[in-house]
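**Student:** In our numbering, the protein residues as written are 1107 to 1530.
1. Which term fits residue 1460, buried or exposed, when burial requires 16 or more other beta carbons within 10 angstroms of its beta carbon?
2. Using only alpha-carbon positions, find the residue among 1218, 1477 and 1122 that is nearest to residue 1164.
3. Along the chain, where does the beta strand (DSSP E) containing residue 1056 start, and where does it finish?
4. Bridge partners of residue 1122, per DSSP?
5. Please go through the same chain and pick out, in chain order, the residues whose beta-carbon is closer than 6 Å to the beta-carbon of residue 1529, but skip the five residues on each side of it.
6. Identify the continuous alpha helix (DSSP H) that holds residue 1231 and give its terminal residues.
7. Would you tell me roughly how many angstroms separate the C-alpha atoms of residue 1479 and residue 1444, rounded to the nearest one?
8. Flag this pair as yes or no: are the beta carbons of residue 1481 and residue 1511 separated by less than 7 Å?
9. Mark residue 1132 as exposed unless 16 or more other C-beta atoms lie within 10 angstroms of its C-beta, in which case mark it buried.
10. Mapping the DSSP letters down to three states, classify residue 1141 as helix, strand or coil.
11. If you measure between the beta carbons of residue 1348 and residue 1500, is that distance less than 7 Å?
12. Since residue 1182 is in the beta strand (DSSP E), which residue starts that stretch and which ends it?
13. Taking just the CA atoms, how far does residue 1312 sit from residue 1291?
14. Sorted by chain position, which residues of the same chain lie with C-beta nearer than 8 Å to residue 1278's C-beta, five sequence neighbours on each side aside?
15. Opposite residue 1129 in the DSSP bridges: which residues?
16. Tell me which same chain residues have a C-beta within less than 8 Å of the C-beta of residue 1426, skipping the five on either side of it?
17. Measuring only the C-alpha atoms, how far is residue 1123 from residue 1192?
18. Is the distance from the Cβ of residue 1537 to the Cβ of residue 1357 below 7 Å?
19. What is the DSSP secondary structure of residue 1333, reduced to helix, strand or coil?
20. By a C-beta neighbour count over all protein chains shown, 10 Å radius and 16 as the cutoff for buried, is residue 1402 buried or exposed?
21. Report the three-state DSSP secondary structure of residue 1253 (helix, strand or coil).
22. Let's test the definition: count the other Cβ atoms within 10 Å of the Cβ of residue 1335 and tell me whether it reaches 16, buried, or not, exposed.
23. Considering only residues of the same chain and omitting the five flanking positions on each side of residue 1548, which have a CB-CB separation below 6 Å?
24. Give me whichever residues DSSP pairs with residue 1341 in a beta bridge.
25. Can you tell me which of 1210, 1255, 1271 and 1168 puts its alpha carbon nearest to the alpha carbon of residue 1150?
26. Alpha carbon to alpha carbon, what distance is there between residue 1259 and residue 1368?
27. Under the rule that 16 or more other beta-carbon atoms within 10 Å means buried, what is residue 1114, buried or exposed?
28. Please identify the residue among 1325, 1342 and 1474 whose C-alpha is closest to the C-alpha of residue 1351.
29. With DSSP run on the structure shown, which of helix, strand or coil describes residue 1304?
30. Starting from residue 1394, follow its DSSP beta bridges and name the residues at the other end.
31. As a quick exercise: from 1299, 1389 and 1435, pick the residue whose alpha carbon is nearest that of residue 1366.
32. For residue 1190, count the other beta carbons within 10 Å of its own beta carbon; 16 or more makes it buried, fewer makes it exposed. Which is it?
33. Need the endpoints of the alpha helix (DSSP H) that residue 1495 sits in, please.
34. I need the straight-line Cα distance from residue 1257 to residue 1148, nearest angstrom please.
35. With a CB to CB cut of under 6 Å and the five nearest residues on each side skipped, what residues in its chain are close to residue 1127?
36. How would you label residue 1227, buried or exposed, when you count the other beta carbons within 10 angstroms and need 16 or more for buried?
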C-alpha cells in the first residue's frame, strides 16, 4: 500500500513497498526541469544533474562512484522538461547508504570550479553526439517546431554557447531558486519501510530551503516546420498535432489513440506503411502530455526515394481511424496499454516513476483500479471522436532530418486535413 507523508518543510516522502524483494529503488524527484529555464539558462537543469555526481562537501566524485559500486548499487539521474530525478537501485541492507549519498549530492554539492569546467566540456561533447544521432536530433527539431520561441521547445541539453557560459555561481543560484523542499519528493519502492524513510528524510534533508511554488512559462502549441537536409542514408520524419495535458480527462484516450494508430505491429501505420507498402523500416505514433499542453506525434525512418510517399499515407490513416475505428482495434490498443501498466508494476523503479508523475500531475496517486476503469470505459466511438479532433485541431508541426527534398511542405500536409495555415 502506498503511503505518503508531507514533512513540515514541505518535502513529500512516498513509499510503495514490495516486501518480497531483496532490493529497493529510491530517488528524489524535483519538480523543476528544462521548461523552468530562461533563455540564458538553457541547459542548466541538465548540467546541474551532471554536477550532482561530481562531488560534495564530504565526498569526491570518485568517492560517490566507489561507495555505490562497492555494494553493487546503481546511481543515476535524468532531466526531463518538467522534472529532474536522482535515483538509485540498491540491496535493502544498503538503503541507508543510498539515502545518505542522495541527500549529500542534493543538500551539500561542492560545485568545484575544476569539475564545472570539465563537465562543461563533457556536455558539449554530448550535444555534438546528439547532433550526430539523427533519430534523436529530429525529436529536438520536432519540439522546436511544436513550441517555437518558448522554453518547452528548447533542447534539454542547451546549446554550446549557453553551456560554455555556465559557472559555479550559476549552478548555485539556480539550485537555490528551484531545489527547495516544497518542490521535491523522496520516493521509495521495493524493500522499503515508510516510517524508516520518513525518519531518515527528516534527518538528512532537514536543511533544504523552503520556497515558493515554481511556475513555468505557459506552453503554447503553435506548429512549425524545422528541417535539416543532412547528408544521410535515411530520412527521419516526424509529424505532430496538438494533444492533451497530463491531467486532461482524455489523457488515457490519447494513449489509446496513439497505440491504435501506430503503437505496434498490428497498428494501422505499421500495417499500411511498412507491411503492405514497404515504405519504411520503422514507423510509430506516440502521445506526450505535459502539465499544460501535449502532442500527438508520428515518427518514420525511410529511404530518400520513399520520403515523399509517407505524408499522404499518414494523413490517410489518421482520417481512416477517425472514420472507422473498430471495437477490435480499440480493445487491442487497450490490452497493450493495460499490459504495459501491469508489467511496469513489477519494477520498483517504474513504481517510483509513476508515483512521481501522479503526484506532480494530480497531487495524489491514482490507483491501478482507477486507471484501468478509465481505460476500460473507452470504446470505438470515443476513439473515433478523439481521432476526428486530432485531425481538425490546430496547425500541424513537421520536423525532418536527412535526404528530405521529396517530403511535402507543411502547407500541403495541413491541407490534407482541411487546414489552411494561419487560420483558426
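Think of the CB as a built atom: it goes at the ideal place given N, C-alpha and C, for glycine as much as any other residue.
**Tutor:** Checking against the coordinates, here is how it stands:
1. Residue 1460 counts as buried, since no fewer than 16 other beta carbons sit within 10 angstroms of its beta carbon.
2. 1218
3. An answer regarding residue 1056 cannot be provided, because it is not within the stretch 1107 to 1530 covered by the chain.
4. 1295
5. The pLDDT assigned to residue 1529 is 49, lower than 50, so where the model puts this residue is not dependable; a value taken from the coordinates is nonetheless given after this. Closer than 6 Å at the Cβ level, and outside the excluded window around residue 1529, lies no residue.
6. 1219-1237
7. In this structure, the alpha-carbon of residue 1479 lies about 11 Å from that of residue 1444.
8. no
9. Counting the other CB atoms within 10 Å of its CB gives residue 1132 a total of 16 or more, which places it among the buried residues.
10. helix
11. yes
12. 1180-1185
13. If you take the alpha carbons of residue 1291 and residue 1312, they lie about 13 Å apart.
14. 1217
15. Within the DSSP secondary-structure output, residue 1129 pairs in a beta bridge with 1197.
16. 1374
17. 19 Å
18. With the chain represented from 1107 up to 1530, any question about residue 1537 goes unanswered, as that position is not in the structure.
19. strand
20. buried
21. Assignment of residue 1253 by DSSP, reduced to helix, strand and coil, places it in the coil class.
22. exposed
23. Any answer about residue 1548 is impossible in this case: the structure gives the chain only from 1107 up to 1530.
24. 1408
25. 1271
26. 24 Å
27. exposed
28. The option with the nearest alpha carbon to residue 1351 is 1325.
29. helix
30. 1401
31. 1435
32. buried
33. 1486-1498
34. Cα to Cα, residue 1257 sits roughly 8 Å from residue 1148.
35. Correct list, in chain order: 1296 and 1297.
36. When all chains shown are included, residue 1227 counts as exposed.
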